[in-house]
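J.: Chains as they are written, first to last, in our numbering: chain H, 1 to 290; chain Y, 1001 to 1709. C-beta atoms are modelled at their ideal positions from N, C-alpha and C, and glycine is treated no differently. Below are the structure tokens for one structure; questions will follow.
What follows is the structure in structure tokens.
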């Protein structure tokens, strides 16, 4: 079995049907890093997937699987080495600015400015994301109310507790009311209560019609939240589907086992490929020696 | 360092730019430490320095007035010394003694001999010793130390010797030594006058020696302008840098450290908007601090804590003031961009601090050009950013306005500022910021890809090397210079570059056979082009006047040198023909071929070639030749025709020089014929073209041509 053949059939049918309206479409995306120590590193090795409107799409993978690199290419922080991503019809290569305008990006590494107050933070990010200037005040007022920020809206961010910061951070992501939200491992470093609140927030946003792209290495989160899941490993997507589809395909019930099922296959395939190559190289070496 | 096209568009006053600018300023104002460090401390510090130095000066004056300095006189001629000093005491009214030194009060202290006096000096009981040796003693001493004296044989040995002994590290002793030396000189002069008088020349020296008086034609305003102009730009730059650096550190390096950069980069603001907003913040803060500092200084001048020179005045016309303000624009952008670039390169505050000092020095050193008296704006200094502004401001303050060179200063500074802004933009290229790996594909693989990126820097190194070497006196000799610059630097340098970046010699040096028709075309083309470009310059002189020296530079021939013709031919024609072509139409052209469109490639390589001929007025003619040679290389796809062309061009100049033909004033028909031949030659080159491979946009043009037919 080769790596390519493991991708789920659902992917192909969905792209063919009305790909123009897909909020996120990823094709042949690759990212290669060059490192003095490790040489050429294929962080993302050619992946395709898409998100449907109003769903939570989960990227599930272990650390170093390529989740963050993928999402960073989606948010135009990194430029793809190959392939392209279309967000609301805009290519990350051609129109990165338009892509970012329709995105809200939340990750453990998107901190807030410590010297602004909660309200100023929201006004700042609405303005910088080109939200119509005359409606910024109203929008910020709504967000403050919705996320329960009212009590500390005029306190400086560096004086807030981590739970308060998290609320401001999510509100910040929504400041310009983007149709698509990316949450890159959002619960990393949060305590149980804050993590639960965040998961609730994500579900609420889906119910409001936002499209959410969500990456995690925590199986239970993916199980609870995601409408569709892509399992990513070694920079490749091994399968994509709803939880039920994955269960049917593997015959396993729990996501953890499903995940292991695919990853094991992939590891076996990788090992086979590696051995094959090693063999080839050895033969070549022997051939040169003659 | 590719910048995605839509990221470079900029709308001034766009919403993100405004939001970011105001947000940054607000955050800055809330940072108490920054405000204290960048505004309040300098405000207190500078007056403090001035106050301390004027306090120290006053103290010194006071000390000289009140202190009585002790001197000891020892040796066999001590009486002569005492006599001399007594004579000065008697003629105190002498006008030459009205200096500070003369006001020093001296008093003799007891000392039995030299060792006793030296001991007293060591104990600080005595400030200075005069050791008076008779002629015999002096001779005996000098014979003992013959070898030490060998370097100074003309010191007369038949005279007494007065030696002043003091301690240079004790400034009381230094002051006393200066005072006593001055008095001994005066005493000697008075003695001489008296001796002359006694020997029958009863002429009071004041009547024979004419009175020397200085009359300064410069107005007080010009003198003041000169004094101020020497350090005005340095001081302003210092304010801009100290004010701007703290914001700069906070703005990218600080954001990286706090983790807010990624948040910022995922917003809809373009990279250009981010950089411009941040530049605007740095410039705002830098200018505000500069204004505060200048006002501050003026207040202290008003309070007389800082003393201005006597009769200080400034006369700056509105035009000059306008020019100064105009030149400040690129200068402040340049400083801000340099600081932001430093910040962008650094990943943390600490890294910023480490690299800040070299940047600080690099920015400040060029401003010292205004202190050097010999430098004026009508020189190559106009091409050096910052230094040119410093010199221009000094000239404007003195009242000189040379608008052509001022405009050139503005253009050069603006270009430098813009280049720095572009570099800053590329530091925001996010790969480096958010991933651990510093390398990209070109650096990782090395070789040709990396060469394309480094080639301009290498030519910068060549230029600096050439500049430094040309200042070595040993290298003034023409043969040595040609050998070093042409053969060693350009020839060998290019070969080393090819080796270092693993380039294929055939490709980098375009070692391909051209179309056979090219050869006769080159034979005719080289001399014809010299004459026709001469004609173009002469014609354009009618439309707008070309500086005389530029005209001469175009017609310049190689002056006949004491050297056999074949040797001159080898040095001036063959060596540059081969080696300079290897460097400029070889390595440089090859390295830049994918970066610029062909027409830009011609202009850029020509400009760089021109800059390598240091003399300001030689740049344009050399660049013209460079452009022609680049066109020849691009059309023929080979370096050989350019080599031959270059060789013939130089040989033609030698020949004209030898024959004494002035190509500036030939029969108009000759120029006309040369023009026709030139057109014909380039026609042949075009028809038989084998275009240089792999140029920028080549594939696109090919596709267009195909769809057009």
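Over what stretch of residues does the alpha helix (DSSP H) that includes residue 1410 (chain Y) continue unbroken?
T.: Locating residue 1410 (chain Y) in the second chain gives position 410, counting from the first residue. 1403–1427 is the extent of the alpha helix (DSSP H) around residue 1410 (chain Y).
J.: Taking the runs of the alpha helix (DSSP H) that are 4 residues or longer, which of them lie wholly in the region 227–285 of chain H?
T.: The region 227–285 of chain H contains these whole alpha helix (DSSP H) runs: 243–250.
J.: Considering only their Cβ atoms, is the gap separating residue 184 (chain H) from residue 71 (chain H) smaller than 8 angstroms?
T.: As a working mapping, residue 71 (chain H) is identified with position 71 in the first chain. As a working mapping, residue 184 (chain H) is identified with position 184 in the first chain. Against a cut-off of 8 angstroms, the Cβ pair of residue 184 (chain H) and residue 71 (chain H) comes out as a contact.
J.: Over the uninterrupted beta strand (DSSP E) stretch that includes residue 1071 (chain Y), give me the two end residues.
T.: Translated into the one-based positions of the second chain, residue 1071 (chain Y) becomes position 71. Taken as a continuous stretch (DSSP letters only), the beta strand (DSSP E) holding residue 1071 (chain Y) covers 1068–1074.
J.: If you draw a straight line from the alpha carbon of residue 200 (chain H) to that of residue 153 (chain H), how long is it in whole angstroms?
T.: Taking the first chain and counting its residues from 1, one reaches residue 200 (chain H) at position 200. Taking the first chain and counting its residues from 1, one reaches residue 153 (chain H) at position 153. Each residue's Cα considered, the two are about 22 angstroms apart.
J.: List the whole-angstrom C-beta distance separating residue 172 (chain H) from residue 122 (chain H), where the pair is believed to meet the contact cut-off of C-beta under 8 angstroms.
T.: In the first chain, counting from the first residue as 1, residue 172 (chain H) sits at position 172. In the first chain, counting from the first residue as 1, residue 122 (chain H) sits at position 122. So it is a contact: roughly 6 angstroms between Cβ atoms.
J.: Could one say the Cβ of residue 144 (chain H) lies closer than 8 angstroms to chain Y's Cβ atoms, at least one of them?
T.: For the purposes of this step, residue 144 (chain H) is identified with residue 144 of the first chain, where counting begins at 1. So, not an interface residue.
J.: How would you list, in chain order, the residues of chain Y whose beta-carbon sits under 7 angstroms from the beta-carbon of residue 30 (chain H)?
T.: On the first chain, residue 30 (chain H) is found 30 positions in, with the first residue counted as 1. Simply none; closest approach about 12 angstroms.
J.: From residue 1083 (chain Y) to residue 1057 (chain Y), what does the alpha carbon distance come to, in whole angstroms?
T.: On the second chain, residue 1083 (chain Y) is found 83 positions in, with the first residue counted as 1. On the second chain, residue 1057 (chain Y) is found 57 positions in, with the first residue counted as 1. Whole-angstrom Cα-Cα distance: 33 angstroms.
J.: Suppose contacts are defined by Cβ-Cβ distances below 8 angstroms. Is residue 106 (chain H) in contact with residue 170 (chain H) by that definition?
T.: The sequence position of residue 106 (chain H) within the first chain is 106, counting from 1. The sequence position of residue 170 (chain H) within the first chain is 170, counting from 1. Yes, these two residues count as a Cβ contact at 8 angstroms.
J.: By the criterion of Cβ-Cβ separation under 9 angstroms, what are the contact partners of residue 1478 (chain Y) in chain H?
T.: Within the second chain, the letter at position 478 stands for residue 1478 (chain Y). Correct list: empty, because the minimum Cβ distance to chain H is about 47 angstroms.
J.: Counting only C-beta atoms, is residue 110 (chain H) closer than 8 angstroms to chain Y at any point?
T.: Sequence index remark: in the first chain, residue 110 (chain H) carries index 110 (1-based). Residue 110 (chain H) counts as touching chain Y.
J.: Nearest-angstrom Cα distance between residue 1080 (chain Y) and residue 1053 (chain Y)?
T.: For the purposes of this step, residue 1080 (chain Y) is taken as the residue at position 80 of the second chain. For the purposes of this step, residue 1053 (chain Y) is taken as the residue at position 53 of the second chain. Using only the alpha carbons, I get a separation of about 41 angstroms.
J.: Examine chain H for any beta-carbon lying closer than 8 angstroms to the beta-carbon of residue 1690 (chain Y), and answer yes or no.
T.: Position 690 of the second chain, counted from the first residue, corresponds to residue 1690 (chain Y). So, not an interface residue.
J.: Between the region 1258–1266 of chain Y and the region 1347–1367 of chain Y, do three or more beta carbon pairs fall short of 8 angstroms?
T.: Because the criterion of three Cβ pairs below 8 angstroms is not met, the region 1258–1266 of chain Y and the region 1347–1367 of chain Y do not touch.
J.: Applying the criterion that 16 or more other CB atoms from any shown protein chain within 10 Å of the CB defines a buried residue, is residue 1650 (chain Y) buried or exposed?
T.: Your numbering for residue 1650 (chain Y) matches position 650 in the second chain. Flag for residue 1650 (chain Y) reads buried.
J.: On the three-state DSSP scale, how would you describe residue 43 (chain H)?
T.: Along the first chain, one-based indexing puts residue 43 (chain H) at 43. DSSP places residue 43 (chain H) in strand when its eight states are reduced to three.
J.: Scan the region 71–128 of chain H and note each continuous beta strand (DSSP E) run of 3 residues or more that stays entirely inside, going in chain order.
T.: If we require 3 residues or more, the beta strand (DSSP E) runs fully inside the region 71–128 of chain H come out as 82–87, 103–107.
J.: Out of H:165, H:91, H:138, H:74, which one is the CA nearest neighbour of residue 214 (chain H)?
T.: Within the first chain, numbered from 1, the residue matching residue 214 (chain H) stands at position 214. Ranking the options by Cα distance to residue 214 (chain H), first place goes to H:74.
J.: Is there contact between the region 1658–1672 of chain Y and the region 1498–1516 of chain Y, where contact requires at least three CB pairs shorter than 8 angstroms?
T.: Too few Cβ pairs lie closer than 8 angstroms, so no.
J.: Unbroken alpha helix (DSSP H) runs of length 4 or more, entirely within the region 1247–1283 of chain Y: which are they?
T.: Those alpha helix (DSSP H) runs which fall completely within the region 1247–1283 of chain Y and span 4+ residues are 1254–1258, 1261–1265.
J.: If the cut is a Cβ gap below 9 angstroms, which residues of chain H does residue 1016 (chain Y) touch?
T.: By one-based count along the second chain, residue 1016 (chain Y) stands at place 16. Neighbours of residue 1016 (chain Y) on chain H, chain order: 127, 128, 129, 130.
J.: Could you say which of Y:1566, Y:1627, Y:1515 lies nearest to residue 958 (chain Y) if we only look at CA atoms?
T.: Outside the displayed span of chain Y (1001 to 1709) sits residue 958 (chain Y), for which this structure offers no information.
J.: For the beta strand (DSSP E) that contains residue 1105 (chain Y), what are its first and last residues?
T.: Locating residue 1105 (chain Y) in the second chain gives position 105, counting from the first residue. First-last of the beta strand (DSSP E) with residue 1105 (chain Y): 1105–1108.
J.: I need the straight-line Cα distance from residue 190 (chain H) to residue 220 (chain H), nearest angstrom please.
T.: Position 190 of the first chain holds residue 190 (chain H). Position 220 of the first chain holds residue 220 (chain H). Whole-angstrom Cα-Cα distance: 15 angstroms.
J.: Could you tell me the alpha carbon to alpha carbon distance between residue 281 (chain H) and residue 1500 (chain Y), rounded to whole angstroms?
T.: Sequence index remark: in the first chain, residue 281 (chain H) carries index 281 (1-based). Sequence index remark: in the second chain, residue 1500 (chain Y) carries index 500 (1-based). When rounded, the distance between both Cα atoms is 30 angstroms.
J.: Any C-beta of chain H within less than 8 angstroms: which residues of the region 1164–1194 of chain Y qualify?
T.: If the cut-off is 8 angstroms between Cβ atoms, the region 1164–1194 of chain Y has nothing near chain H.
J.: Using CA atoms only, rank isn't needed, just tell me which of Y:1583, Y:1253, Y:1174, Y:1456 is closest to residue 1345 (chain Y).
T.: Locating residue 1345 (chain Y) in the second chain gives position 345, counting from the first residue. Closest option to residue 1345 (chain Y), Cα to Cα, is Y:1253.
J.: If you reduce the DSSP assignment to three classes, tell me which class residue 213 (chain H) lands in.
T.: In the first chain, residue 213 (chain H) corresponds to position 213, counting from 1. Residue state, collapsed to three classes: strand.
J.: Report buried or exposed for residue 1201 (chain Y), applying the criterion of at least 16 other Cβ atoms within 10 angstroms of its Cβ.
T.: On the second chain, residue 1201 (chain Y) is found 201 positions in, with the first residue counted as 1. Burial call: exposed.
J.: Could you check what DSSP says for residue 60 (chain H) in three-state terms: helix, strand or coil?
T.: In the first chain, residue 60 (chain H) corresponds to position 60, counting from 1. Residue 60 (chain H) falls in the strand class under three-state DSSP.
J.: Skipping 5 residues on each side, what residues in its chain have a beta carbon closer than 7 angstroms to that of residue 1384 (chain Y)?
T.: One-based indexing of the second chain puts residue 1384 (chain Y) at position 384. Only 1366 meet the Cβ criterion.
J.: What are the start and end residues of the beta strand (DSSP E) that includes residue 1595 (chain Y)?
T.: As a first step, residue 1595 (chain Y) is located in the second chain; it is residue number 595 there, counting from the start. Taken as a continuous stretch (DSSP letters only), residue 1595 (chain Y) belongs to no beta strand (DSSP E), as it is neither H nor E.
J.: Measure the alpha-carbon distance for residue 1001 (chain Y) versus residue 1426 (chain Y) and round it to whole angstroms.
T.: Counting from one through the second chain, the residue named residue 1001 (chain Y) turns up at place 1. Counting from one through the second chain, the residue named residue 1426 (chain Y) turns up at place 426. Confidence at residue 1001 (chain Y) is low in this model, with a pLDDT of 37, below 50, so its placement is unreliable and no value can be given for it.
J.: Helix, strand or coil, according to DSSP, for residue 1148 (chain Y) in the structure here?
T.: In the second chain, the residue the question calls residue 1148 (chain Y) occupies position 148. Its pLDDT being 49, under 50, residue 1148 (chain Y) is placed unreliably in this model, and the value from its coordinates should be taken loosely. Residue 1148 (chain Y) falls in the helix class under three-state DSSP.
J.: Going by C-alpha to C-alpha distance, which of Y:1245, Y:1285, Y:1394, Y:1291 sits closest to residue 1357 (chain Y)?
T.: In the second chain, residue 1357 (chain Y) corresponds to position 357, counting from 1. Nearest option by C-alpha distance: Y:1245.
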